[in-house]
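Numbering (our numbering), first residue to last: 302 to 410.
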């Protein structure tokens, strides 16, 4: 939070929400800012194509999930699916985890 801010968001505004169309490829940067926990990250029903680790290009590899250690960063490409799918970040070796349902919102224009 910035000093004097009324929100945890930079500038106090979340900005516009972008919804990729099903079938569109998106790039995600996954960062583990934790100091003591590795996380297994997955997007249910989606393959992750690793393109970079810690900012350096790597030979592309397609995986179902990533094990992201403390301070690690991964850039991945994902072809966005349709409908509802789980976004998972499970704490490795701990009795904790996280699950969020993602939904491809359809908007009329």
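Here a beta-carbon is modelled for each residue, glycine too, at the ideal position from N, C-alpha and C.
All figures in this text were calculated on a predicted structure; none of them were measured in a lab.
What separation, rounded to the nearest whole angstrom, lies between the Cα atoms of residue i and residue j?
i: residue 371; j: residue 381; result: 27 angstroms
i: residue 376; j: residue 365; result: 14 angstroms
i: residue 396; j: residue 322; result: 35 angstroms
i: residue 320; j: residue 388; result: 15 angstroms
i: residue 386; j: residue 347; result: 9 angstroms
i: residue 352; j: residue 361; result: 5 angstroms
i: residue 324; j: residue 384; result: 12 angstroms
i: residue 344; j: residue 390; result: 9 angstroms
i: residue 373; j: residue 338; result: 11 angstroms
Residue i: buried (16+ other C-beta within 10 angstroms of its C-beta) or exposed?
i: residue 355; result: exposed
i: residue 359; result: exposed
i: residue 349; result: buried
Who are residue i's beta bridge partners in DSSP?
i: residue 395; result: Paired residues: none, contrary to the question.
i: residue 375; result: 331, 354
i: residue 362; result: 351
i: residue 325; result: Residue 325 is not bridged to any residue.
i: residue 412; result: Within the shown structure, residues of the chain are numbered from 302 to 410, placing residue 412 beyond reach of any answer.
Measure from the alpha carbon of residue i to the alpha carbon of each residue in the options, then state which is nearest.
i: residue 379; options: 320, 352, 322, 326; result: 326
i: residue 392; options: 330, 341, 334; result: 341
For the putative contact between residue i and residue j, defined by C-beta atoms under 8 angstroms, what is the C-beta separation to the nearest angstrom?
i: residue 367; j: residue 331; result: 7 angstroms
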